Structure formats: structure tokens, C-alpha cells
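Novice: Here it is, the structure, as C-alpha cells.
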Amino acid sequence: MVDADFLLTGIGQLCTMAPEGAGEGPLAGPFQGRVGAIDGAAVAAYRGRLVAVGKEEEVLARVRVLPRATVLHARGRLVTPGMVDSHTHLCFAGWRAEEFSLRVQGADYLEILQKGGGILQTVQATRRASEEELVVTLKERALQALRQGVTTIEVKSGYGLSWEAERKQLRAIRRVKEELRGRMDVVATFLGAHAVPPEYRGKGSEYARKVAEEMVPRVAAEGWADFVDVFCEKGVFSVDESRLILEAAAKEGLGRKIHADEVHPLGGTRLAAEVGAVSADHLVATTREDMALLREAGVVACLLPATSFFLMKEAHAPARTFIDEGVPVALATDMNPGTQPNPSLLATMTLGCLLYRMTPEEVLVAVTRNAAAALGFLQDRGSVEEGKKADLVIWDCPTYHHLPYRWGVNLAAVVIKEGQVVVDEG
3 MVDADFLLTG IGQLCTMAPE GAGEGPLAGP FQGRVGAIDG AAVAAYRGRL VAVGKEEEVL
63 ARVRVLPRAT VLHARGRLVT PGMVDSHTHL CFAGWRAEEF SLRVQGADYL EILQKGGGIL
123 QTVQATRRAS EEELVVTLKE RALQALRQGV TTIEVKSGYG LSWEAERKQL RAIRRVKEEL
183 RGRMDVVATF LGAHAVPPEY RGKGSEYARK VAEEMVPRVA AEGWADFVDV FCEKGVFSVD
243 ESRLILEAAA KEGLGRKIHA DEVHPLGGTR LAAEVGAVSA DHLVATTRED MALLREAGVV
303 ACLLPATSFF LMKEAHAPAR TFIDEGVPVA LATDMNPGTQ PNPSLLATMT LGCLLYRMTP
363 EEVLVAVTRN AAAALGFLQD RGSVEEGKKA DLVIWDCPTY HHLPYRWGVN LAAVVIKEGQ
423 VVVDEG
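At position 270 of the sequence shown the residue is numbered 272 (our numbering), and the sequence of numbers has no breaks.
This is how it looks when you write it as C-alpha cells:
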């Protein structure tokens, strides 16, 4: 018998994300489509960690429910792990709605820049904003995600593009992380190399050196972030500039992530494999040869279908090819003010099905187990297994098929963080 201070019974369908034979890593190839479903299930936890998972009668026979334990009944509904959004830009000031209007009327990016839009508009607004303003808006956006079943969320800086402004963003992220502790885990990523700042126009290499030699060591020394990211793309940062920054991150003991192959197969995917990145993100233009490098290096492919959808692109990341090549695929929102302002990971799942032709099983794996792997957290979340965090969602539907199918509807009824109810919609 094991002690339990949390018990959830009456589960119609439990998706564990731990199918038989899957091993301990992210799910790839045919395993990407296996959700480890158990009908008539229950789960128990003690001090925030799962201690029993399985058929209800088996769980009840194994646990000793302590006095004052939290005891819930799922009423025959679906239960999954808490979802993980592994790529967001939630910390910013100002929206770019006018830019959206221009885009749907046919304006290209250069025209938008000439009219004062683009990423530098957000940089200017974020530089002007106070830390307190960033905290308030970031917390609101994070809570929107929590109410939709996201229990772990990554947040990047990258709209400051100077040490002072980047540190202001990172301070805001840290404050929200502390304010939401116990309800949601917030993971900070330093993206000082998101774009070349206006004061370094024509001097991108000089700015990249500044990021690598000055900013990254300070981020590490002061404990501001878990990861360092860079936007490796034509007209932004070259492969060599990106390598300089990511090698600096590795030297400082920080995790590495990379925006790669969004428009051109520049070599960012190969760089991700070379520097031991935990994930490579976007990957619209990635070749089969580079997919093999990701697979061999154990890099998760984090795809962002809502971005190419919102930009009305004809080209989308080749998710089916990634899966066929045995590369684990995660999906994330890429929520940001310019190219994807929707914080819904549920909507991202739907777009993964419609644009990528992924199955409901594959997209659910992509926002749970594989998304946790894209943050290096698979050891304690992303699946419903004994020893992992009791991060769970009770959904107002009977099976996982409903999550991507019922487009635009928030089906999260109860969100549980480490055995504590943090959202209760009934």
C-alpha cells in the first residue's frame, strides 16, 4: 500500500502518453501516434507526485487515502497530462492589429516595415513599457493558457535587443514565474538574438558577438534563464553568428534552442544537432538529410502550425516526413504579437491535424510528452506515470478525439497542478 493525498477516480479515458514499449524518451515514428489510453482508470498522488496509475480497481487496491486528501471524480470524462507549450513570446508590449489588416490586403513584409510595423515596432513598445506593465500583461496571457490546460509554458525574451531591455523582460518573466508557482511552471528563454536592433543596423555580426560575449554570460551568472535561443535565418543571424551564441550558452551551462529553417534551409537545423540543442523550431524548409541529423542527435522538432496559418503561407512544416524519418515532433503556439497572437494550444492541435495531416493521437503526443522533451523536462512531466508530477487535465469530453475536433472550444474543465486543483470549471 502507498499513501495518497490526491485521488482521481471515474476516469472514462486516461491518456497516459506512456504506451507499452515506448522507453523513456520522446515518442517518435509509429510511437508518435500512441497515447497509452486506459479506459475506466484512476490516478493517485502523494505530495505532488503520482504514486499509482491504472485501472480504477487496481489503483484503489494499492493506495491508502489519507485524511483530508483531495478526492475527485472525473464523471466518465477524458483525462490527460497537463499540456506543455514549449515555444512562446508572451512577454511583450503592444499589439500589431494594423499590421494584420495590411497583410490581409496583400502588403508584404517590406511594405509593413515601411509603414512602421514589424518586429521593431514591438521592440520600441517593449523598451518603452515598464517592468510592471510587462508583468501584468504576461501574467494575463499565461493564465489564459492555464485555463486551457497548459501547466508548463516557455516564455522568451527577445523584444528588448539591448541588455537593459532584455533584462527587464527576463525580470518580468521571473516575477510571473514566482507569482504563478504552484499553479503553472514558467520556463525562461533568453532570445537576445531575435533580430538585429536598429542601432546595430548593418552591424549584425558585432551585435551577435555582444550577445555571445557579454549578454549570455550575464544571463547565466545572474540566473535569468534556462535556455538561450537564436533566430538563424537570412537577413537575421547567420549560421556562424548563431553558432557563436549557442556555443557561448553551452559554455555557460545553459540549454540551447534555435529558430531554424523558417524560410530558407540555411543550416540552422544542422547547427541544432551540432550544439546539442534540446529542440529546433519552425523547420518549414528542412531537408530530409537534415532531419536525419536531428534524429541522430536526439533533437526534438518543434513545429508551429498556427504561425504559417496566420501568415497565410502556402508552405508548412513537413510534419509527416519528420514522423516518417523518426524525428520526435512537438507542437507549440509561437504566441507573439506579430505573426501568431493566439495563445490556444488546443487551436494549435487542430491546425496540426488540418495543415500537417497529423492524427489526433500524434498532436496530443506533440503537446504533452514531446513538448516536455522539447524543454528537457521529460523526466518529471509530459506523461501520466508513477514518479512524475501530478499535472493533469479533466476535459469536458469522453475521448481525446474531441480535443482537435471541437475547433475553438475550450474543453478544459479541471486543471490540476502537482495534485492541487488550480482551475475548476465544473
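Cβ atoms here follow ideal geometry from the backbone N, Cα and C, with glycine treated the same way. Bear in mind the structure is a predicted one, so any value in this text is a computation, not a measurement.
How would you call Trp397, buried or exposed, if buried means at least 16 neighbouring beta carbons within 10 angstroms?
Specialist: So Trp397 ends up on the buried side.
Novice: In chain order, what are the residue ranges of uninterrupted beta strand (DSSP E) at least 3 long that sit wholly in the segment 371-422?
Specialist: 394-397, 414-419
Novice: Here's the rule I'm using: 16 or more other beta-carbon atoms within 10 Å means buried, otherwise exposed. How should Arg107 be labelled?
Specialist: Looking at the sequence itself, residue 107 is Gln, so the reference to Arg does not match. With fewer than 16 Cβ atoms within 10 Å of its Cβ, Gln107 is classed as exposed.
Novice: State yes or no: is the C-beta of Ala54 within less than 8 Å of the C-beta of Glu264?
Specialist: no
Novice: On the DSSP bridge assignment, give the partners of Lys57 in chain order.
Specialist: Ala43
Novice: Start and end of the beta strand (DSSP E) containing Val73?
Specialist: 65-75
Novice: Which first and last residues belong to the alpha helix (DSSP H) in which Pro2 is found?
Specialist: Since the displayed the chain opens at 3 and closes at 428, residue 2 lies outside it and no answer follows.
Novice: At 4 residues or longer, what runs of the alpha helix (DSSP H) sit wholly inside the segment 290-375?
Specialist: Listed in chain order, they are 290-299, 307-312, 321-326, 347-358, 362-368, 371-375.
Novice: To the nearest angstrom, how far is the alpha carbon of Ala321 from that of Gly270?
Specialist: 17 Å
Novice: Kindly identify the DSSP beta-bridge partner or partners of Glu156.
Specialist: In the DSSP output, where bridge partners are listed per residue, Glu156 has Val189.
Novice: For Ser281, write down the residues that DSSP places opposite it in a beta bridge.
Specialist: Answer is Lys259, Val302, bridged to Ser281.
Novice: At a cut of 8 Å, does the segment 252-261 reach the segment 109-126 through at least three beta carbon pairs?
Specialist: no
Novice: Less than 8 Å between the beta carbons of Ala214 and Leu246, yes or no?
Specialist: The beta carbons of Ala214 and Leu246 sit closer together than 8 Å.
Novice: Which ranges does the alpha helix (DSSP H) cover as unbroken runs of at least 4 residues, wholly within the segment 92-179, from first to last along the chain?
Specialist: Qualifying alpha helix (DSSP H) stretches, in chain order: 99-106, 111-116, 121-130, 133-149.
Novice: Three or more C-beta pairs under 8 Å: does that hold for the segment 88-108 against the segment 334-352?
Specialist: yes
Novice: Can you tell me the Cβ-Cβ gap for Ile13 and Ala63, rounded? I've got them flagged as a contact below 8 Å.
Specialist: Contact between Ile13 and Ala63 does not hold, since their C-beta atoms are separated by about 16 Å, which reaches or exceeds 8 Å.
Novice: Can you find the residues in the same chain that come closer than 6 Å, C-beta to C-beta, to Gln15, ignoring five residues on each side of it along the sequence?
Specialist: Only Ala39, Asp41, Leu80, Thr401 meet the Cβ criterion.
Novice: Evaluate the contact criterion for the segment 306-318 versus the segment 133-141: three or more CB pairs, one atom per stretch, below 8 Å.
Specialist: no
Novice: Locate the beta strand (DSSP E) running through Leu10, then write down its first and last residues.
Specialist: Boundaries of the beta strand (DSSP E) harbouring Leu10: 4-17, taken from the DSSP string.
Novice: Just mark Val73 as buried or exposed, buried being the case when its beta carbon has 16 or more other beta carbons within 10 Å.
Specialist: exposed
Novice: Just checking my contact of Ala6 with Ala46 at CB under 8 Å: how many whole Å lie between their CB atoms?
Specialist: 4 Å
Novice: Relative to the C-alpha of Ser346, which candidate in Ala227, Gln150, Gly25, Trp97 has its C-alpha closest?
Specialist: Gln150
Novice: Which residues in the same chain as Leu104 place their Cβ atom closer than 8 Å to its Cβ, once the five residues preceding and following it in sequence are excluded?
Specialist: Only Glu113, Ile114, Lys117, Gly119 meet the Cβ criterion.
Novice: With the cut-off set at 8 Å, would you say Val386 and Ala20 are in Cβ contact?
Specialist: yes
Novice: Please classify Trp226 as buried or exposed, where buried requires at least 16 neighbouring CB atoms within 10 angstroms.
Specialist: buried
Novice: Just to confirm before moving on: does the CB-CB distance between Leu305 and Leu333 stay below 8 Å?
Specialist: yes
Novice: Report the partner residues of Val37 according to the DSSP bridge assignment.
Specialist: None, per the DSSP bridge assignment.
Novice: Is Pro83 helix, strand or coil when you go by DSSP?
Specialist: strand
Novice: Output the boundary residues of the beta strand (DSSP E) element that contains Asp231.
Specialist: 229-232
Novice: Could you give the DSSP three-state label for Val425: helix, strand or coil?
Specialist: Correct three-state label for Val425: strand.
Novice: Would Arg297 and Gly328 be called neighbours here (beta carbons separated by less than 8 Å)?
Specialist: yes
Novice: Within a Cβ cutoff of 8 Å, which residues of the same chain sit near Asp393, ignoring the five residues on either side of it in sequence?
Specialist: Pro83, Gly84, Thr153, Thr154, Arg383, Ile418, Lys419, Glu420
Novice: Out of Thr191, Val286, Arg169, point me to the one whose CA is closest to Gly378's CA.
Specialist: Thr191
Novice: Check the DSSP bridge columns for Ala195 and list the partner residues they point to.
Specialist: Val232
Novice: Beta-carbon separation of Gly184 and Gln171 under 8 Å?
Specialist: Contact: no.
Novice: Please state whether the Cβ-Cβ distance between Thr139 and Ala167 is less than 8 Å.
Specialist: no
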